[in-house]
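If you read the protein sequences in the order shown, they are chains A and B.
For reference, each letter of the first sequence is one residue, going 5 to 324 in my numbering.
For reference, each letter of the second sequence is one residue, going 5 to 324 in my numbering.
The beta carbon of each residue, even a glycine, is placed where N, CA and C say it ideally should be.
None of these values were measured; they are calculated from a predicted model.
First up is the structure itself, then whatever we jot down about it.
Number of protein chains: 2
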Amino acid sequence: MIAVLCGGVGAARLLAGMQQVIDPREIVAIVNTGDDTELHGLHISPDLDTITYTLSGAVNPATGWGLGGDSFRAMEALDRFGAITWFRLGDADLATHLFRTGRLRQGASLSEVTVEISRGFGLNIKMLPMSDDPVRTRLSLRDGGEVAFQEYFVKLRHSVAVSKVRFEGAELASPAPGVLEALETADAVIVAPSNPVVSIGPILSVPGISEALEARRESVVAVSPIVAGAALKGPADRLLVELGEEASAVGVGRFLRAVVGTLVVDEADASLAGAVRDLGLECVVTPSVMSTPEVAAGLARVVLGSASGHRLDPADSHEL
Amino acid sequence: MIAVLCGGVGAARLLAGMQQVIDPREIVAIVNTGDDTELHGLHISPDLDTITYTLSGAVNPATGWGLGGDSFRAMEALDRFGAITWFRLGDADLATHLFRTGRLRQGASLSEVTVEISRGFGLNIKMLPMSDDPVRTRLSLRDGGEVAFQEYFVKLRHSVAVSKVRFEGAELASPAPGVLEALETADAVIVAPSNPVVSIGPILSVPGISEALEARRESVVAVSPIVAGAALKGPADRLLVELGEEASAVGVGRFLRAVVGTLVVDEADASLAGAVRDLGLECVVTPSVMSTPEVAAGLARVVLGSASGHRLDPADSHEL
Chain A
5 MIAVLCGGVG AARLLAGMQQ VIDPREIVAI VNTGDDTELH GLHISPDLDT ITYTLSGAVN
65 PATGWGLGGD SFRAMEALDR FGAITWFRLG DADLATHLFR TGRLRQGASL SEVTVEISRG
125 FGLNIKMLPM SDDPVRTRLS LRDGGEVAFQ EYFVKLRHSV AVSKVRFEGA ELASPAPGVL
185 EALETADAVI VAPSNPVVSI GPILSVPGIS EALEARRESV VAVSPIVAGA ALKGPADRLL
245 VELGEEASAV GVGRFLRAVV GTLVVDEADA SLAGAVRDLG LECVVTPSVM STPEVAAGLA
305 RVVLGSASGH RLDPADSHEL
Chain B
5 MIAVLCGGVG AARLLAGMQQ VIDPREIVAI VNTGDDTELH GLHISPDLDT ITYTLSGAVN
65 PATGWGLGGD SFRAMEALDR FGAITWFRLG DADLATHLFR TGRLRQGASL SEVTVEISRG
125 FGLNIKMLPM SDDPVRTRLS LRDGGEVAFQ EYFVKLRHSV AVSKVRFEGA ELASPAPGVL
185 EALETADAVI VAPSNPVVSI GPILSVPGIS EALEARRESV VAVSPIVAGA ALKGPADRLL
245 VELGEEASAV GVGRFLRAVV GTLVVDEADA SLAGAVRDLG LECVVTPSVM STPEVAAGLA
305 RVVLGSASGH RLDPADSHEL
């Protein structure tokens, strides 16, 4: 069994690659819920949904989130009330949030609903939210004020400088049922190429999770989401710099080294391998920009090989 | 100012007629919320919405509820989770429920959200829910068991026999702000041609409302929703019989006579006028089947005229 710490789009693509090379039933995805938000009374879990939609093939390929071919009549109709419409919820997408919210109000846990939704989409991997308790990522802006994650990420399009990130509620949260067990018994733990600050950070903030990773650090493999000094998607590069770290695979390694034993970096960062090793990490160099399912599968093989101590040649990745 | 006790479709049509003959700002609609339900975590107020959609011209004319030209993608998508889909919520219609639910979760009262929604639809009448507190109509079935109103009305299509109706929460509910004031100060109170048992009944169950009507019974005018022994829509006729009353304008009169001074009956029931008067009610006979806006306006004029003691000739109704 392989446990994977996951944010949104990058994690979804790596999981899709892993599904090609190992039995999906061997995969346990432990997913960030620090981005979760309540909007129009609905409980929205963007990272859980992005993974679900991607793995089921239902995702909107143009955006990497939401459902392909969706319409936005509810959003258009919300305009007449002056309601928030910058967070776009498609009509078919709404069904996921309606079902989740209805079940939560009936008393189901987020873990339980997550299983039900992933079954609804026919997934074979096991998906766990990092916690059933509310943990909310909040960002202090350099120009003053504090905003919730979605306000930073969607409304402000992450084009504002951040001075501090905190995970509200984390100290009172517990890992969701099965999370610690998965982290303790997995053959390997993978940290997906997700934003280390605001996607992996919230997961690590839940008491017990960092400790479980530290205890098995040698078999924890992270994939750098920073390639050639830039984030493939989103604000990971700027956030690292704003929080005093460098925007590079080395910065990612330094950020994660307490809980990670191996860092996988892109070929474009081959020259950084020495600096990563100087941090006390193993470093594996391989194509990591998952622009096609083949690259994703190749990356998955390398990551899994690294984790098991049997590093595979990425050139073999099409054969398995 | 005219106060109107309202259920759904019949009330919406009478209000639309009233809007043609008096200034809409003079109308206060006091609306049944005993049908309200929570579904998929959303607070749904069917009677409030039917009135709003009808008066704004946005209603689906084929059904009398929902929005014209709406789509049902969210409902279709809910199917994959095995969620309840017998209560059909259109995609644009969902916006109303999302906005209401979001505002309620923020701490707004149902009265406050009702004003906001009616403004969003450009209405000029004042709409008040009967209560900001939850009152839920529940029906005991003759074959056993008790169901919520929407389960009876929509899921079972009201084709089951009922032995008892109760309004859960009524004894603890208060009239919404402005309701008693409207009932005490209105020039007239109209009871719309809505189901007396499950549309008007819940309003009368809220402590203080029946008392306010009894105190001014002589200027309270009801329109019979039963014409020639049958309900124009819905199960009013069967419910009256199942609860021991007769399915006729006379039955309606007997059901409401404690709070009503005048009953308006359709021309088809002219022969019942004597029996209605024998109950101690005034009886006015006029066309009441609101198949066109002209009939609705004519009925509105007669009702308003009856209430003010200056009964107008329905033949004049097109002239005003």
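Per-residue DSSP class, three states only, for residue i
i	result
Arg146 (chain A)	coil
His44 (chain B)	coil
Lys130 (chain B)	strand
Leu283 (chain B)	coil
Thr58 (chain B)	helix
Ala235 (chain A)	strand
Ala33 (chain A)	strand
Val201 (chain A)	helix
Thr105 (chain B)	helix
Arg140 (chain B)	strand
Ser75 (chain B)	coil
Pro291 (chain B)	coil
Ser135 (chain A)	strand
Pro181 (chain B)	coil
Ser252 (chain B)	coil
Ala96 (chain A)	helix
Ala262 (chain A)	coil
Val210 (chain B)	coil
Residue i classed as buried or exposed, judged by whether at least 16 other C-beta atoms fall within 10 angstroms
i	result
Cys10 (chain A)	buried
Asn199 (chain A)	buried
Asp95 (chain A)	buried
Glu218 (chain B)	exposed
Lys168 (chain B)	exposed
Ser122 (chain A)	buried
Ala262 (chain B)	exposed
His322 (chain B)	With a pLDDT of only 39 at His322 (chain B), under the threshold of 50, the placement of this residue in the model should not be trusted, and no figure is reported.
Leu176 (chain A)	exposed
Pro297 (chain B)	exposed
Asn36 (chain B)	buried
Gln23 (chain B)	buried
Trp90 (chain A)	exposed
Pro65 (chain B)	exposed
Glu271 (chain B)	exposed
Leu316 (chain A)	Low confidence applies here, because Leu316 (chain A) scores a pLDDT of 42, under 50, leaving its location unreliable; read the following figure in that light. Buried, by the Cβ-count rule.
Gly246 (chain B)	The sequence shown places Glu at residue 246 (chain B), rather than the Gly named in the question. Looking at its Cβ environment, which holds 16 or more other Cβ atoms inside 10 Å, Glu246 (chain B) is buried.
Pro179 (chain B)	buried
Glu215 (chain B)	exposed
Thr118 (chain A)	buried
Glu188 (chain B)	exposed
Ser252 (chain A)	buried
Gly111 (chain A)	exposed
Lys159 (chain B)	exposed
Pro211 (chain B)	exposed
Cross-chain neighbours of residue i in chain A, by beta carbon under 9 Å
i	result
Glu155 (chain B)	Under the 9 Å cutoff, chain A gives no residues; its nearest Cβ is about 15 Å from Glu155 (chain B).
Residue span of the beta strand (DSSP E) that contains residue i, given as start and end
i	result
Ser167 (chain B)	Val166 to Glu172
Leu9 (chain B)	Ile6 to Cys10
Ala226 (chain B)	Val224 to Val227
Ile213 (chain B)	Segment Ile213 to Glu218 is the alpha helix (DSSP H) holding Ile213 (chain B); no beta strand (DSSP E) there.
Ile194 (chain A)	Ala192 to Val195
Closer than 7 Å: residue i CB and nearest the ligand ZN heavy atom
i	result
Asp97 (chain A)	In terms of ligand content, the structure shown is empty, and the ligand ZN therefore cannot be addressed.
Alpha helix (DSSP H) segment containing residue i, residue limits
i	result
Ala274 (chain A)	Ala274 (chain A) -> no alpha helix (DSSP H), and no H or E assigned at all.
Thr266 (chain A)	Not the alpha helix (DSSP H): Thr266 (chain A) falls in the beta strand (DSSP E), residues Thr266 to Val269.
Val306 (chain B)	Pro297 to Ser312
Gly21 (chain A)	Val13 to Val25
Ala326 (chain A)	The structure shown does not extend to residue 326 (chain A), since chain A spans only 5 to 324, so no value can be given for it.
Glu155 (chain A)	Segment: none, Glu155 (chain A) is in no alpha helix (DSSP H) and carries neither H nor E.
Val119 (chain A)	Leu114 to Gly124
Leu241 (chain B)	Sequence check: residue 241 (chain B) is Asp here, not Leu. Per DSSP, Asp241 (chain B) belongs to the alpha helix (DSSP H) from Ala240 to Glu246.
Where residue i meets chain A, residues with beta-carbon distance less than 8 Å
i	result
Ser75 (chain B)	Ser75, Arg77 and Asp95
Arg109 (chain B)	Glu42 and Gly45
Chain B residues whose Cβ lies nearer than 8 Å to that of residue i
i	result
Leu82 (chain A)	Ala99, Leu102 and Phe103
Phe171 (chain A)	By Cβ distance, chain B contributes nothing, its closest Cβ being about 22 Å from Phe171 (chain A), past 8 Å.
Neighbour flag for residue i against chain E, beta carbons, 8 Å
i	result
Phe259 (chain A)	Given the protein chain composition of this structure (A and B), no chain E is represented.
Checklist entry - What residues in the segment 36-69 of chain A bring their beta carbon closer than 8 Å to a beta carbon of chain B? => result Result list: Glu42, Leu43, His44, Gly45, Leu46 and His47.
Checklist entry - If contact means a Cβ-Cβ distance below 9 Å, which residues of the segment 87-105 of chain A contact chain B? => result Listed by position, the residues of the segment 87-105 of chain A near chain B (Cβ gap below 9 Å) are Ala87, Ile88, Leu93, Gly94, Asp95, Ala96, Asp97, Leu98, Ala99, Thr100, His101, Leu102, Phe103, Arg104 and Thr105.
Checklist entry - Relative to chain A, which residues along the segment 111-124 of chain B have a C-beta separation below 8 Å, given in chain order? => result Per Cβ criterion, the list reads Glu120, Ile121 and Gly124.
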